[in-house]
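Take a look at the structure below.
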Amino acid sequence: MNQLDLVSKQDLEQFKHDLLKEILPLLKAVRQESKQWLRSKDVRKMLRISPGTLQNLRVTQALPFTKVGGIFFYRESDVIKILEAKGSQ
């Protein structure tokens, strides 16, 4: 004999709640991981510097970077090190 299982609205709501409970922490982890790389405008804003000063930091290798296409990316941890050094002056 085959048994027929019915799914109620309440069952679906509970499933949605359980699924979100499992997925949200994963999404937060991905979001934090993706913020490890910053673009130039974000770095300038964090350090309160001009585009020329940021270029000087690249040229003097004071701030490591990666260039993809025409876009510069900086590790958030490297920018924080400069912020800390700037704050201790």
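Position 19 of the sequence shown, counted from 1, bears residue number 36 in the working numbering, the numbering being contiguous throughout. From the three backbone atoms N, C-alpha and C, an ideal C-beta is built for every residue, glycine too.
- The alpha carbon of L64 has as its nearest neighbour, out of K26, V24 and I99, the alpha carbon of I99.
- Contact between L80 and S57 does not hold, since the beta-carbon distance rounds to 10 Å and is not under 8 Å.
- The three-state secondary structure of V76, taken from DSSP, is helix.
- Looking at the DSSP output, K84 sits in a beta bridge with F89.
- Here DSSP, grouped into helix, strand and coil, assigns L23 to coil.
- Contact annotation: E101 and Q53 have beta-carbon atoms that are not nearer than 9 Å.
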